[in-house]
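For the sequence shown, the working numbering begins at 1 and goes up steadily by one. The beta-carbon is built from N, C-alpha and C at its ideal position, and this holds for glycine as well. As the structure is a computational prediction, the values presented were derived from the model and not from experiment. Please read the structure below before turning to the comments.
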Amino acid sequence: MKVLVPVKRVVDFNVKVHVKSDHSGVDVANAKMSMNPFDEIAIEEAVRLKEKGVAQEVVAVSCGVQACQETLRTALALGADRALLVLAETELQPLAVAKLLAAVVRREAPELAILGKQAIDDDANQTGQMLAALLGWGQATFASKVEIDSGVARVTREVDGGLETLTVKLPAVITTDLRLNEPRYVTLPNIMKAKKKSIESLTPEALGVDVAPRLETLEVVEPAPRSAGVMVPDVAALVDKLKNEAKVI
Ligand code: AMP
1 MKVLVPVKRV VDFNVKVHVK SDHSGVDVAN AKMSMNPFDE IAIEEAVRLK EKGVAQEVVA
61 VSCGVQACQE TLRTALALGA DRALLVLAET ELQPLAVAKL LAAVVRREAP ELAILGKQAI
121 DDDANQTGQM LAALLGWGQA TFASKVEIDS GVARVTREVD GGLETLTVKL PAVITTDLRL
181 NEPRYVTLPN IMKAKKKSIE SLTPEALGVD VAPRLETLEV VEPAPRSAGV MVPDVAALVD
241 KLKNEAKVI
């Protein structure tokens, strides 16, 4: 079985981003960039499937600027066998990414695509669902456990108030939740080995995909600053404030 893992290059989760002065977006110039954390979990899951003998090949794919090669090198160092870069210098919205990934799926014919449940920069939580819809594949989102057997994926999902387990026939799309696994650390020898692997480059044109944005960002603003807290002398005063000021009890 071949597993395709789309990985997105995003601002590192430790970086505090600021809104640009013209309110057109956030300023990411010179910010540290990393692999989207949910995608690290997706790579880890795919590599574990390979280690168990369930999968034979793990292919990582990233859509975006040339620097996405770094993200793909990390995927290779984590255990992916091959990497594909879909080079696009313009902004890619989730629908465009889903269309590019669908075109890559048609070329590569994987039986499983494991994506992150959301990218921590746009928080869209759309690409996996759109990809499944474009391909006509089943989908199991927010997976916290995945077992593959006889052409079927058995996926446990964290839902409000408990765990839901469902089965989905392959080929399918799975998106990862935080508790699916703990990704391994990238070791220096594996980073060195990953440097030697080649990354295939494609373009949206070659894949026949129109990536023109469909959504227009009107304005991005900083969240309102939080007002300072107050010290209360005792529990009775706290309860009084919660009841009469905050009106939450
Ligand atoms: P989103 O729908 O933007 O929240 O992203 C969900 C998931 O889709 C991510 O965790 C990635 O697995 C995948 N994805 C989104 N954008 C890209 C991209 N530019 N390149 C590769 N994968 C992507």
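Reference residue i; option with closest CA among the options
i, options, result
"Gly25", "Met231, Leu178 and Leu218", "Leu218"
"Trp137", "Asn36, Val146 and Ala98", "Ala98"
"Val59", "Gln66, Ala67, Lys50 and Val65", "Lys50"
"Lys197", "Gly79, Val220, Lys145 and Gln93", "Gly79"
"Thr167", "Asp177, Met192 and Ala143", "Ala143"
"Thr127", "Gly162, Thr176 and Gln69", "Thr176"
"Thr90", "Val232, Lys241, Leu238 and Glu205", "Glu205"
"Leu207", "Ala88, Arg9, Asp39 and Val173", "Ala88"
"Leu135", "Ala212, Val220, Val104 and Gly116", "Val104"
"Val47", "Gly162, His23 and Tyr185", "Tyr185"
"Asp121", "Lys241, Val248 and Val7", "Val7"
"Glu216", "Gly161, Gln93 and Ser150", "Gln93"
"Ala124", "Asn36, Val232, Pro183 and Asn14", "Asn36"
One or two residues paired with residue i in a DSSP bridge
i, result
"Gln139", "Val173"
"Thr165", "Thr156"
"Ser227", "Per DSSP, none; premise fails for Ser227."
Where the alpha helix (DSSP H) through residue i begins and ends
i, result
"Leu100", "Pro94 to Glu108"
"Met33", "Taken as a continuous stretch (DSSP letters only), Met33 belongs to no alpha helix (DSSP H), being part of the beta strand (DSSP E) at Met33 to Met35."
"Leu207", "Pro204 to Leu207"
"Arg73", "Cys68 to Leu78"
Short Cβ contact (8 Å threshold) for residue i with residue j
i, j, result
"Glu111", "Leu170", "yes"
"Ala83", "Ala75", "yes"
"Glu158", "Ile114", "no"
"Met1", "Val54", "yes"
"Leu101", "Val61", "yes"
"Asp27", "Lys20", "yes"
"Asp81", "Glu57", "yes"
"Leu238", "Glu108", "no"
Any non-hydrogen atom of the ligand NAP within 7 Å of residue i CB
i, result
"Asn14", "No copy of the ligand NAP appears in this structure; the ligands present are the ligand AMP."
Start-to-end residues for the beta strand (DSSP E) that takes in residue i
i, result
"Ala250", "Absent from the structure is residue 250, since the part of the chain shown begins at 1 and ends at 249."
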